[in-house]
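Before any comments, here is the structure.
Numbering (the numbering used here), first residue to last: 508 to 646.
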């Protein structure tokens, strides 16, 4: 019987490439959600991003979210069920920091609808999407 400590990360597909891409971005750089009046903060970390504790999430979610983005909707549902996202009278917030493998995943979970990394904007006006395209050599 294999134990968890013995498991090896064999991700060689897009997950590994995505983690490498995010690892090449400036660690600690922070972004705010550029949508509505959501007060949410995202930070680049090694291999992905973290939505910071206290960040708001949209509540209720868009009705079509389950159909258009079932994986992200399922991820949000799990975060609510586990208590990481707390919902209180049509307000939702992160009770602790939460890692995401991409800015798009984080944006979709926070907004409760299909989204992308362009919705995260730094203090100097650069979107996470722009930063990612630049790192990939696409401008």
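Virtual Cβ for every residue (Gly too), placed ideally from N, Cα, C.
Item	Value
Opposite residue 549 in the DSSP bridges: which residues?	538 and 558
With the cut-off set at 8 Å, would you say residue 566 and residue 599 are in Cβ contact?	yes
Does the CB of residue 563 have a neighbour CB from chain D at under 8 Å?	Going by chain labels, chain D is absent from the structure shown, which holds only one protein chain.
Alpha carbon to alpha carbon, what distance is there between residue 643 and residue 561?	31 Å
If you compare alpha carbons, which of 636, 615, 549 and 538 is closest to residue 603?	549
How many whole angstroms separate the CB atoms of residue 611 and residue 623, which I take to be in contact at a CB cut-off of 8 Å?	5 Å
Closest to residue 533 by C-alpha separation, out of 544, 539 and 554, would be which residue?	554
What do you reckon, are the CB atoms on residue 616 and residue 638 nearer than 8 Å?	no
Looking only at its chain, what residues have a beta carbon closer than 7 Å to the beta carbon of residue 576, apart from the 5 residues adjacent to it on each side?	615 and 621
Take residue 528 and list the residues in its own chain whose beta-carbon comes closer than 8 Å to its own, dropping the five residues that flank it on each side.	639, 642 and 643
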